[in-house]
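Start counting the sequence shown at 2; every next residue gets the next number (my numbering).
Have a look at the structure below, then the notes.
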Amino acid sequence: MKKNTRTLLITLISFIVIIVVASVAYNALKDTSAPAVSLTPNLTNIPSATEKPAVPEPSLDAAEELPMTNSATAEDEQATVPTEVATEEPEATSVAEETVESPAEEEPKMPDIPLFTLGGEETSFDAVRQGKPTIINYFASWCPPCKQELPHFQAAYDKYGDEISFIFLNAMDGQRETLETLTKFMEEFPFTGPVYTDEGIFAYIFQTNSLPTTVFFNADGTIANGYLGYVNETTLQENIDRLLTQK
């Protein structure tokens, strides 16, 4: 009887230990940012605001990779989109260090695409950023990792909104995401950052249907960095610090 009791206790303790270890590992992984990716915008045949760009429907399960660039400031890594978590961010490798003899290429800039407020008023990327460093966060209300990272972006907007322009770009498709679903989400979250739509032009330019997608822009409109997937608070702060340093 004592032997059976001892065996039962050992089994129970082992089970508890496994649960605790698994819980700790999960909590550590779920707050890990997606790796940074280098971005080259597709600047050819950009559709107008009245046209519907040919881009895939936004998805959490997409494994799309954003194109690479020869930018000396971009990080030389590609990433696929995680569903909830991502691998650790790799150290950046400067392409300029690998191709010292190559002539410097002009940094790609984000075109002045049309943006629309939730009230239907048209503005543009340049009008919103006002010559400041800018962050575009591409999200949807039904996207779990978007919901996980938005509090970090909301806090950053509250703190740095005077120094950095924030564009929360909603992947509104009229089906899975509508004005009604977005409005309800913003009321319940709560979320006060400036939200825009763009008829899918941002997704066309960066050839991504991955949610969330975040792109950081320098004050001159050049691309500083980008992420496919969840961005944690530490990674967001590091990129904000770099943007403010380069102002």
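Think of the CB as a built atom: it goes at the ideal place given N, C-alpha and C, for glycine as much as any other residue.
As the structure is a prediction and not an experimental result, all values here were calculated from the model.
Residue i bridges to which residues according to DSSP?
i	result
L229	T214
T124	L116
I137	I168, V216
Just mark residue i as buried or exposed, buried being the case when its beta carbon has 16 or more other beta carbons within 10 Å.
i	result
K133	buried
E178	buried
T184	exposed
A156	exposed
T198	buried
G227	buried
T236	buried
Y231	buried
A225	buried
P109	buried
Please name the residue, chosen from the options, that lies closest to residue i on a Cα-to-Cα basis.
i	options	result
E150	T215, T246, D174, Q176	T215
Y192	P115, C147, I241, R243	According to the sequence provided, residue 192 is Phe. The question's Tyr does not apply to it. Nearest C-alpha to F192: C147.
L180	E234, E200, L244	E200
L116	E107, F207, F203	F203
L212	V129, N171, E107	N171
V129	E234, E239, L229, G194	G194
E122	V196, F140, F190	V196
S142	D159, S166, T182	T182
N240	Q208, I165, P152	I165
N233	Y205, Q131, Q208, F154	F154
Q208	Y139, C144, D127	Y139
I168	L119, D242, E107	L119
Q238	K160, E188, F186, Q176	K160
P145	F190, Q176, D174	F190
M173	F186, D163, E107	F186
Q131	Y205, D163, E188	D163
So, helix, strand or coil for residue i, using DSSP?
i	result
K160	helix
T209	coil
F190	coil
E110	First, the amino acid is wrong: residue 110 is Lys here, not Glu. Of the three classes helix, strand and coil, the one that applies to K110 here is strand, per DSSP.
E200	coil
E150	helix
N240	helix
P145	helix
T223	strand
T235	helix
A26	A caution first: A26 carries a pLDDT of 46, below 50, which makes its placement in the model too unreliable to give a value.
T246	helix
T179	coil
D77	Summary for D77: the model assigns pLDDT 36, below 50, so the residue's position carries little reliability; its value from the coordinates is reported in the next sentence. Of the three classes helix, strand and coil, the one that applies to D77 here is coil, per DSSP.
Q155	helix
Can you round the beta-carbon distance between residue i and residue j to whole angstroms, since I take them to be within the 8 Å contact cut?
i	j	result
L244	F217	6 Å
I114	S125	7 Å
N210	Q247	Going by Cβ atoms, the distance from N210 to Q247 rounds to 30 Å, so no, they are not a contact pair.
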